[in-house]
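One structure is given below, encoded as structure tokens.
There are 4 protein chains.
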Amino acid sequence: MSFNTFGKVFRFTTWGESHGPAIGCVVDGCPPNIALSEKDIQADLNLRKPGQSKFTTQRKEKDLVKILSGVFEGKTTGTPISLIIYNEDMKSKDYGNIKNKFRPGHADFTYFKKYGIRDYRGGGRSSARETASRVAAGAIAKKVLKQFIGSKFSIIGGVTQIGPVFINRDNWNDSQIRKNPFFCPDKEIVSMFEEYLLDTRKRGSSCGAMIELRAKGIPIGLGAPIYSKLDADIAAALMSINAVKSVNIGAGSDVAALTGEMNSDEIRSKNGKIKFKTNNAGGILGGISSGQDIICSFAVKPTSSILNTRETINTSGKNTKISVHGRHDPCVGIRAVPIGEAMLACVLLDHYLMNRAQCG
Amino acid sequence: MSFNTFGKVFRFTTWGESHGPAIGCVVDGCPPNIALSEKDIQADLNLRKPGQSKFTTQRKEKDLVKILSGVFEGKTTGTPISLIIYNEDMKSKDYGNIKNKFRPGHADFTYFKKYGIRDYRGGGRSSARETASRVAAGAIAKKVLKQFIGSKFSIIGGVTQIGPVFINRDNWNDSQIRKNPFFCPDKEIVSMFEEYLLDTRKRGSSCGAMIELRAKGIPIGLGAPIYSKLDADIAAALMSINAVKSVNIGAGSDVAALTGEMNSDEIRSKNGKIKFKTNNAGGILGGISSGQDIICSFAVKPTSSILNTRETINTSGKNTKISVHGRHDPCVGIRAVPIGEAMLACVLLDHYLMNRAQCG
Amino acid sequence: MSFNTFGKVFRFTTWGESHGPAIGCVVDGCPPNIALSEKDIQADLNLRKPGQSKFTTQRKEKDLVKILSGVFEGKTTGTPISLIIYNEDMKSKDYGNIKNKFRPGHADFTYFKKYGIRDYRGGGRSSARETASRVAAGAIAKKVLKQFIGSKFSIIGGVTQIGPVFINRDNWNDSQIRKNPFFCPDKEIVSMFEEYLLDTRKRGSSCGAMIELRAKGIPIGLGAPIYSKLDADIAAALMSINAVKSVNIGAGSDVAALTGEMNSDEIRSKNGKIKFKTNNAGGILGGISSGQDIICSFAVKPTSSILNTRETINTSGKNTKISVHGRHDPCVGIRAVPIGEAMLACVLLDHYLMNRAQCG
Amino acid sequence: MSFNTFGKVFRFTTWGESHGPAIGCVVDGCPPNIALSEKDIQADLNLRKPGQSKFTTQRKEKDLVKILSGVFEGKTTGTPISLIIYNEDMKSKDYGNIKNKFRPGHADFTYFKKYGIRDYRGGGRSSARETASRVAAGAIAKKVLKQFIGSKFSIIGGVTQIGPVFINRDNWNDSQIRKNPFFCPDKEIVSMFEEYLLDTRKRGSSCGAMIELRAKGIPIGLGAPIYSKLDADIAAALMSINAVKSVNIGAGSDVAALTGEMNSDEIRSKNGKIKFKTNNAGGILGGISSGQDIICSFAVKPTSSILNTRETINTSGKNTKISVHGRHDPCVGIRAVPIGEAMLACVLLDHYLMNRAQCG
């Protein structure tokens, strides 16, 4: 029972509110003797950082990470790694006018009812600012996995849908993803994403998105029956990201419409190498990795903070209206890409270590 | 780190293989002084039991549950409740011809590679037979929730899609669900489900399904930031069910195409009662229950064991073919309904108790 | 948070009451491909079994264990191992006259107050009968450790004190332990133990005992900072045994009277082999095994069920008296030896697997 | 499986090395709406702080704590409380001459062998400096317990033995404890403690100690069968403190020499109030609190860092000698008093919340 800790062997505990002095996390269970520096982590943080393009929030945060423990002379020591990121852009006066209103779609209402108290400044603990800690933990997980698995290991995520605009998955190209501000793997779609987002912002509205993650080089055997299935842990990891409402593994919800022949991936052996003819399973069979690419996706709801007026109630239970000004992402799904990658990396490393525990 | 245990306060640990002498589970953390008998549990087990209609496997299992501990003079004592279900229909000779082949879509390949050994009889531990234990644990969870919450509490699940056939969600009628062999809540669609399934079986094939779960009467405040979110735990719970490839909360993957106005549920107060105008959130905001109905759904892939011949390899890595005879469900999604209900009940009770721990 | 589960990777969950139909446990996380049969487990159970000599309870229990899952064709499969032991000697009428009285020194009072209900037959869940499950789990742990470490691994426990009678620790001889009914490692003391126990029983009384455990062949590096220290986990494991009130590691409470020179074990290297000159640390430094023998001890209080009349209250809070007839061990400490061995084996295996997880 | 986290509901995760930039902890699961300020925590930290008298280390640390999250407008919010204490006195050059030697009695050897790397400056992670974090977490636990239980709740610890000098437990007087630099509850013994310690330091040596803890006002029903027994968790908590080698509950190891009549505490009722005639059980029966005072004690070994020369080996496995200069406590047991109090407070709160979860 742990409210703010993720993982079983490779565990991280995050803390901090959006408008407190700092946020951070403690990473426990990291194997020793892994080369690690703040630069390794910063690189990933910069992908999530606000203000990177005109399509994300203009909130100014450098998101500079500091390592406070667990690394000695450039290497992990096996003891807990404490990371801290100071908050800089803490204009809490911004929130004065809405502090007593529950923003629809946000956690304001449920936090207040559950705890009888909440830090109303920018969502407090429920703010997506917490996800910077996840990205930092994920950067460490990736470094470990790279050292253990080698160069064939990779994790990459891309935005496959924004509002009504879809990519063509056959056009997925890893090398495109970092070349546009949408993490879009399909070059042909970038301008449509752009157009739709500009229009969305102009309308004072927001839009949802779908993100797909792909992990390569994952060994066979990660995962476990029955309640530590790899896919179940991925589902929990992705669903725990702010605003996520759907998680799919492999063919995902499409399987409902398939037949057994279409769905089950046939297996072939050639020159001692095992190949599956398709990958509807998303690289996971019976909760255990099969050696195929791990494929999963998740849907992110539209940013709940919008300029357009919405009906709501206040903390006294009175009806009122709200319009959320400020510097919000029109599509929070975009910045969810590095977060999803980080969470997937953490789950995979966690299962790598768990498998080592039981199976050597 | 627990491979075969589910839950944090209300925990159950399942054990057993499809063709061993018995299966069962140990339920720990159940509150004391709850009236409980084998009959309470049996009622739910009978919903999942094979052979209930011509649309499910004809394997004969009475699935009679016995309580071995934790109940004294008709009431729970707060100590672990051990449940056992003896296996009756253990024709392990059935499996002789396929014991060295990996059935595509099944866990045969991954179990063998992970552990270097597996009980090949009917899937062994990876068989969906394990889910009988979940239904039993779920029956206990429901009894506790009913005692704590009262009559306004309910959980019901229905099949909303089989292959290409969908229900009309506006026609959902709880009272229809137990009246047809498909747990179909839309009377108009029952005959189409029937027709499609008969055809599927005739073709030696199988099909997928989509199941929706609805829980009513759930108090505000269940769930927790950040890594014990109610929706994240529901996602893990449902994704851990055999053959599930997708989990949705509320509007689910549809949120990707919505705008902020369409998605975020406005809040109204009337005569002191709080009402949300819509329920795209599925009753969960920021990982915490909002008092609305909890709505979630999951997709089940088509039964992987089909009569039609499929390509595969054997345990020596040689190419071969396989055709799985025997008594398989053409659509395993149907019997997943009581399993999904059970898992949802367990998650909700678990969070009910967790909330009591932290918030009194 | 798990009330009835022990361990982190190698975990066992026990269930059952002294006068229910059966007791048992589920062992999860056991590595695959370990040869295991009921005979392996039965051998250890027989050491704990009641009625083995006139110095232990004459309750008749064969304590025959059955494996219900997790073992296939003589080997563990990596899936949960379910063990069951049927209760035979369930004369619950014996308990009629004391069912409403709280036996001093027993858990009757606290269980009743905590849960508002209890199975009063023979202590129910709080009976030391539960420890049979621990011995069974421990037998599995020992088999795994033997396979991993080889023949240099061993665990042995001995009774070093009964009431006022002490052994001379310099006379400790492993091979004597199984040759007398007291697990006494010092041949010279056996007859004094016997005499004292016979006298104790004649007086309708009971007596305490001290048990020492020694594990050999344990690799360096088991344990972890800060809250999974090997010694902390041993302390919890031993203190969780019924009637234990003290746990010592190495020199134990004697360290309070030592000087730094006397206590800290000097280290020497000879021909590439590292040797400590003494072992006051009990083989554990900073919570991590040092390669020396693991030495620990625990004190067991006198059997609380005695013939001599004691003052107490009943469930209505009225003053009354109690005299507990029946077949009780005059010194429960004796049968605690195999239980202590089992718990130590489980802790060591658990840390062996945990170390594999983090450090490979 | 958590290496650096303590607790189940009220959990804290500590991080930091003795000579890194800071140490700290994250407290998760703290109930909301508890008044909490840095001052509350600082008061307890000051009790443990080095340099308070000539009988403890002269290392200069202000140990000023800062709250980084989880408290809003003076009250806990139910979200994680992050605490940080900056290290000031980091003379890591002090350690140059011993960096390649394993100090006998310290964790140097085992950390190096386990992880293949270690922060050798002052023990790094294995330094007792980590215990400042425990004291901080304990201060929070005490505040919560006081709010829940009221003024009848208290925890106090005292040193009952230093080297060969014992207090008379009948002279125990709570009000004396804070009046002398030894946390000695027996006024008569203070000067003997002083004399012995001065002599010990003059000899370049160190000495062990015994500490006793007493908690009052604890409700009946905290604890749980079988593997979350209150006494087992106390044992783990105290044994996890640096240098502790023995833990006793109530009469502790003395029970080995008692008879059943002497040991089991008789129960009486008078005017509706239940009273035990003695408290050999230390307030815990069957792992559950009985409403009596919780009494436990632990032995702390002599400081391993002593001036007198000791034999050891270096990291290359060569024989060498070591003499540890610097500012070390002659008796680390003294400063263990506030640490023991803190750990006991954390265990009690944790079980208070766990009991609330299962039993309401």
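Protein chains in written order, with this note's numbering: chain A, 2 to 361; chain W, 2 to 361; chain S, 2 to 361; chain E, 2 to 361. Quick reminder that beta carbons are idealized off the backbone N, C-alpha and C, glycines included.
Establish whether the CB of residue i and some CB of chain W are separated by less than 8 angstroms.
| i | result |
| --- | --- |
| residue 354 of chain E | yes |
| residue 290 of chain A | yes |
| residue 359 of chain E | yes |
| residue 174 of chain A | no |
| residue 77 of chain E | no |
Leaving aside the five residues before and after residue i along the sequence, list all residues of the same chain whose C-beta is less than 6 angstroms from its C-beta, in chain order.
| i | result |
| --- | --- |
| residue 72 of chain W | 37 |
| residue 249 of chain S | 298 |
| residue 109 of chain A | 103 |
| residue 181 of chain W | 191 |
| residue 281 of chain W | 251, 252, 264, 266 |
| residue 303 of chain E | 207, 208, 209 |
| residue 148 of chain A | 35 |
In or out: residue i buried (at least 16 other Cβ within 10 Å) or exposed?
| i | result |
| --- | --- |
| residue 151 of chain S | exposed |
| residue 1 of chain E | The first residue shown for chain E is 2 and the last is 361, placing residue 1 of chain E beyond what the model contains. |
| residue 329 of chain S | buried |
| residue 111 of chain S | buried |
| residue 32 of chain E | buried |
| residue 114 of chain S | buried |
| residue 359 of chain E | buried |
Can you give me the C-alpha to C-alpha distance between residue i and residue j, rounded to a whole angstrom?
| i | j | result |
| --- | --- | --- |
| residue 215 of chain E | residue 308 of chain E | 35 angstroms |
| residue 271 of chain W | residue 350 of chain A | 50 angstroms |
| residue 237 of chain E | residue 234 of chain S | 6 angstroms |
| residue 278 of chain S | residue 167 of chain E | 29 angstroms |
| residue 315 of chain S | residue 361 of chain S | 56 angstroms |
| residue 2 of chain A | residue 324 of chain W | 45 angstroms |
| residue 6 of chain E | residue 320 of chain A | 44 angstroms |
| residue 8 of chain S | residue 117 of chain A | 36 angstroms |
| residue 105 of chain E | residue 206 of chain E | 14 angstroms |
Within the same chain, show all residues whose beta-carbon is closer than 8 angstroms to that of residue i, passing over the 5 residues directly before and after it, in chain order.
| i | result |
| --- | --- |
| residue 44 of chain E | 140 |
Taking 7 angstroms as the cut-off, is the C-beta of residue i nearer than that to any heavy atom in the ligand MN?
| i | result |
| --- | --- |
| residue 264 of chain S | As far as ligands go, the structure on display features none, and thus does not contain the ligand MN. |
Short of 7 angstroms in beta carbon distance, which residues of its chain neighbour residue i, apart from the five on each side in sequence? Order them along the chain.
| i | result |
| --- | --- |
| residue 184 of chain E | 158, 159, 160, 178, 335, 338 |
| residue 217 of chain S | 153, 154, 155, 294 |
| residue 268 of chain S | 275, 277 |
| residue 138 of chain W | 13, 26, 28, 343, 347 |
| residue 86 of chain S | 23, 24, 25, 64, 65, 66, 133 |
Can you find a CB in chain A that lies within less than 8 angstroms of the CB of residue i?
| i | result |
| --- | --- |
| residue 165 of chain E | no |
| residue 71 of chain S | no |
Could you check whether the Cβ of residue i sits closer than 8 angstroms to any Cβ belonging to chain E?
| i | result |
| --- | --- |
| residue 364 of chain S | It is not possible to answer for residue 364 of chain S, since the shown part of chain S is limited to 2 through 361. |
| residue 118 of chain A | yes |
| residue 58 of chain W | no |
Against chain S, does residue i count as a neighbour if the rule is that its beta carbon must be under 8 angstroms from one of theirs?
| i | result |
| --- | --- |
| residue 86 of chain W | no |
Going along the segment 306-339 of chain E in order, which residues come within less than 7 angstroms of chain S, judged by CB to CB distance? For the segment 306-339 of chain E, which is checked against every Cβ of chain S, the residues closer than 7 angstroms are 307, 309, 311, 312, 313, 314, 318, 319, 320.
Given a limit of 9 angstroms on CB to CB distance, which residues of the segment 97-114 of chain S reach chain E? Here the close residues are 103, 104, 105, 106, 107, 108, 109, 110, 111, 112, 114.
Using a Cβ-Cβ cut-off of less than 7 angstroms, give me the residues of the segment 126-137 of chain S that come near chain W, in sequence order. Using a CB distance below 7 angstroms, the part of the segment 126-137 of chain S facing chain W consists of 126, ordered along the chain.
Beta carbons nearer than 9 angstroms to chain A: which residues of the segment 248-272 of chain W have them? Taking 9 angstroms as the Cβ-Cβ cut-off against chain A, the residues of the segment 248-272 of chain W that qualify are 248, 249, 250, 251, 252, 253, 254, 255, 256, 257, 258, 259, 260, 261, 262, 263, 264, 265, 266, 267, 268, 269, 270, 271.
What are the residues in the segment 215-232 of chain E lying within 7 angstroms of chain S by C-beta distance? Residues passing the 7 angstroms Cβ filter: 221, 222, 225, 226, 227, 228, 229, 230, 232.
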